[in-house]
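Numbering (our numbering), first residue to last: 17 to 106.
And the structure:
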């Protein structure tokens, strides 16, 4: 009985964490898209290098801070990609 309750609480915490992660990624991506016409190359470099650095850091230190940093850099990278995809056509 206690094991089942623990599993339900873990699932609820995982869902809450997943929602926060999606919201953080979405907000970062939208802000990056809005700023991308001016800073697209800087966002691309910062996002790619930051994503690699936080991936290496997350191997040594797992936690919410490393996960949040990874999500922010992924959002920056994702926000710069639409402009890079459309650049050859402009």
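Glycine included, C-beta positions come from ideal geometry on N, C-alpha and C.
inquiry  = Please state whether the Cβ-Cβ distance between residue 91 and residue 48 is less than 9 Å.
reply    = The count along the chain shown starts at 1 and reaches residue 91 at position 75. The count along the chain shown starts at 1 and reaches residue 48 at position 32. It is a contact, given that the beta carbons lie within the stated cut-off.
inquiry  = Given a cut-off of 9 Å on the beta-carbon distance, is the pair residue 59 and residue 102 in contact?
reply    = Translated into positions along the chain shown, residue 59 becomes position 43. Translated into positions along the chain shown, residue 102 becomes position 86. Not in contact: residue 59 and residue 102 (Cβ atoms no closer than 9 Å).
inquiry  = In the DSSP assignment, the alpha helix (DSSP H) including residue 83 goes from what residue to what residue?
reply    = What you label residue 83 is simply residue 67 of the chain shown in a count that begins at 1. Residue 83: member of the alpha helix (DSSP H) spanning 80-102, first to last residue.
key: Through-space distance from residue 80 to residue 72, alpha-carbon basis   = Locating residue 72 in the chain shown gives position 56, where the first residue counts as 1. Locating residue 80 in the chain shown gives position 64, where the first residue counts as 1. Using only the alpha carbons, I get a separation of about 15 Å.
query = If you draw a straight line from the alpha carbon of residue 38 to that of residue 46, how long is it in whole angstroms?
reply = Taking the first residue of the chain shown as 1, we reach residue 38 at position 22. Taking the first residue of the chain shown as 1, we reach residue 46 at position 30. Each residue's alpha carbon lies about 12 Å from the other.
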